[in-house]
Amino acid sequence: MAFYPKVLRKSSGIPEFDKWARQMVEHKDNQIGYPVNQNTRLKEFYEWYTDNHLESMSMNNVGDPFGASSALMASHCIERKVLSFFRPLYGFDEDDCWGMISASGTDGNNHGIYFGVNYLFNTTGKKPVMYVSDEAHYSNKRLADLQGLDLRLIKSDDMGRMIPDELEKALDSERPCLIVYAMGSTFKGAIDDQKALNAVLDKYPQMAVYRHVDAALFGGYLPFTSKRELVNRRELHFNSITVSGHKFFGMDEPSGIFFTTKKVLDNQSKNDIPYLNQDMKAISCTRSAVNPLKFWWLINKVGFKKWCEEAETILENTAYLKSKLDKIGYPCWVNDFSNTIFIRRPSAEIVKKYYLAGSFDERFGGELSHIVVMQHVTKERIDLFVKELENDLKTGIKQA
Ligand SMILES: Cc1ncc(COP(=O)(O)O)c(C=O)c1O
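Residues 61 to 460 (the working numbering) make up the sequence shown, in order.
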């Protein structure tokens with residue numbers, strides 16, 4: 061089950077480092093409350109990197125991955141390979157796609173919302189109203205605030221999906237619409253019904269629309285399942301999408317993938333930056349040159365077939381956890397195609413031990429937690445966790 065040593069192989073000579081490293085190794089497998097794959101599989105990458113002295117230099121993917129970059133110490137050539145692996149998974153055509161390896165899912169939301177505002181302004185002369193569900197990730201709301209947008213939070217149903225009728229009630233069809241879809245929502249794992257919501261928007265053909273998909277977690281595994289069309293532009297006609305790298309794909313530090321269309325890019329304001337020798341459309345100047353290398357490593361060493369198996373396993377293990385919880389009568393809920401089960405909040409000790417995130421919803425009895433079934437959340441770990449919840453039930457839950 062474990063991919064790592066339980067004791068440190070080598071001391072750093074810095075006591076606080078060794079103490080911290082031991083804690084990391086000890087707690088790794090209990091991390092079931094956040095959407096991070098703890099089976100990172102980059103050991104050989106680091107060996108290759110240091111054996112070849114790549115750690116002895118500073119690299120930076122400054123500028124546009126497709127631009128005539130003047131940066132020599134960079135990995136744009138590998139970044140473009142990574143993007144061409146992922147591009148078809150999200151339904152973007154080769155001749156109408158622009159993308160980059162971003163710093164995170166949030167960075168992708170930032171670019172999606174920023175590009176959306178500029179695209180709509182440059183094509184209509186008006187700033188859009190932004191619509192997002194009240195269950196969507198907080199970054200979308202912060203980013204709307206950052207851009208001074210008129211933000212309309214749309215009510216979601218009990219399970220966290222944006223309600224189409226509520227969207228229609230909130231629509232200002234006289235102004236362009238920038239809509240962000242949650243695929244899925246952070247706490248309840250809800251998938252906004254893009255077809256139903258698009259049908260509402262289609263009733264107002266004069267209203268210009270930009271659709272950004274926040275698929276930070278589900279955008280990792282859905283392309284490797286039979287439900288791949290849920291994050292496919294060809295099916296759903298969105299304009300941009302963001303996916304986190306450190307969630308399903310097992311990157312060991314924050315990173316992400318962002319895609320949009322050439323049409324969107326061509327409708328951004330011109331931004332000639334002489335020192336980059338480019339018309340620079342992206343917000344970030346400096347980007348990691350190492351993250352594309354890690355992505356390309358994982359694509360080659362883990363790859364499509366294994367990711368299909370892992371996507372199937374995490375959904376199977378989610379169903380396994382749900383059935384185990386139902387069996388002991390523990391209140392729990394899960395959305396379709398989601399690997400996130402939300403439950404009545406357990407005792408403070410369990411919350412702390414398993415690093416469970418919290419939320420509150422009176423419709424489900426108040427205090428809640430969730431478990432995100434990633435690759436390291438095996439059936440054995442689920443059994444141990446459920447046993448502890450069962451004891452909790454017997455002794456009476458003492459919530460924090
Ligand atoms: C739906 C959603 N969007 C965005 C984010 C933020 O992603 P990142 O941590 O990659 O910035 C998260 C994080 O959990 C999320 O669940």
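Quick reminder that beta carbons are idealized off the backbone N, C-alpha and C, glycines included.
If you follow the beta strand (DSSP E) that residue i is in, where does it begin and where does it stop?
i	result
R212	210-214
P225	Before going on, a small fix: residue 225 reads as Asp here, not Pro. It is not in any beta strand (DSSP E) - D225 instead sits in the alpha helix (DSSP H) that spans 224-230.
R271	269-274
R294	No beta strand (DSSP E) holds R294; the alpha helix (DSSP H) holding it covers 293-296.
L261	That residue, L261, is in no beta strand (DSSP E); its alpha helix (DSSP H) goes 254-262.
V189	189-193
F402	400-404
With 16 as the cutoff for other CB atoms within 10 Å, does residue i come out buried or exposed?
i	result
F445	buried
N377	buried
M61	Note that M61 has pLDDT 44, beneath the 50 cutoff, so the model's placement of it is unreliable and the number below is only indicative. By the neighbour-count rule (16 or more Cβ atoms within 10 Å), M61 is not buried but exposed.
D153	exposed
K248	buried
D156	exposed
D167	buried
N399	buried
S348	buried
L68	exposed
K322	exposed
D452	buried
W357	buried
H87	exposed
A342	buried
P75	exposed
G456	exposed
W80	exposed
F420	exposed
Taking 7 Å as the cut-off, is the beta-carbon of residue i closer than that to any non-hydrogen atom of ligand 1?
i	result
N169	yes
H197	yes
S407	no
T246	yes
D274	yes
S164	yes
P283	no
S304	yes
A342	no
P314	yes
L277	yes
K242	Residue 242 is actually Ala in this sequence, not Lys. Yes, the Cβ of A242 comes within 7 Å of a heavy atom of ligand 1.
P95	yes
In terms of residues, what are the limits of the alpha helix (DSSP H) holding residue i?
i	result
H306	Premise fails: H306 is in no alpha helix (DSSP H) and is neither H nor E.
C137	136-146
R202	198-206
F424	It is not in any alpha helix (DSSP H) - F424 carries neither H nor E in the DSSP assignment.
V96	Counting along the chain, V96 falls outside any alpha helix (DSSP H), and DSSP gives it neither H nor E.
A81	75-87
V437	Careful: V437 lies outside any alpha helix (DSSP H) and carries neither H nor E.
A379	363-387
A242	Taken as a continuous stretch (DSSP letters only), A242 belongs to no alpha helix (DSSP H), being part of the beta strand (DSSP E) at 237-242.
E161	Going by the sequence as given, residue 161 is Ile instead of Glu. Counting along the chain, I161 falls outside any alpha helix (DSSP H), though it belongs to the beta strand (DSSP E) covering 158-162.
Looking only at its own chain, which residues have a Cβ that is under 6 Å from the Cβ of residue i, when we skip the five neighbours before and after it?
i	result
Q435	N97, N99, E370
I333	M340
L261	V269
I239	Y191, R271
G220	E195, S245, K248, A250
T184	P236, A268
Do we get a CB-CB distance below 8 Å when we pair residue i with the residues of chain C?
i	result
H171	The structure shown contains no chain C; it holds only a single protein chain.
Can you list, in chain order, the residues of its chain whose CB lies under 8 Å from that of residue i, leaving out five sequence neighbours each side?
i	result
S118	M133
L282	M243, A275, R288, L290, V291, A371, F397
K439	N377, Y380
Y64	The predicted position of Y64 is uncertain, since its pLDDT is 49 and thus under 50; a value taken from the coordinates is nonetheless stated next. Correct list, in chain order: V85, K88.
N178	N327, Q328, S329
D461	Beyond the ends of the chain as shown, which are 61 and 460, falls residue 461; an answer cannot be given.
Suppose the cutoff is 7 Å on Cβ atoms and the five residues either side in sequence are ignored; what does the same chain contact list for residue i look like?
i	result
S164	S304, P314, S315, G316
F146	I317
K307	P95, V96, N97, A276, L277, G280
E228	V260
(request) Please determine if the segment 224-242 and the segment 263-274 are in contact, where contact requires at least 3 C-beta pairs separated by less than 8 Å. (result) yes
(request) Count the C-beta pairs between the segment 106-114 and the segment 317-328 that are closer than 8 Å, then say yes if the count reaches three, no if not. (result) no
(message) Any contact between the segment 194-207 and the segment 340-356? By contact I mean 3 or more CB pairs, one from each, below 8 Å.
(response) no
(request) Kindly confirm or deny that the segment 244-262 and the segment 288-300 touch, where touching means at least three C-beta pairs closer than 8 Å. (result) yes
(request) For the segment 80-95 and the segment 413-425, state whether three or more C-beta atom pairs, one from each stretch, are separated by less than 8 Å. (result) yes
(request) Taking 8 Å as the threshold, find out whether the segment 212-219 comes into contact with the segment 184-200 through three or more Cβ pairs. (result) yes
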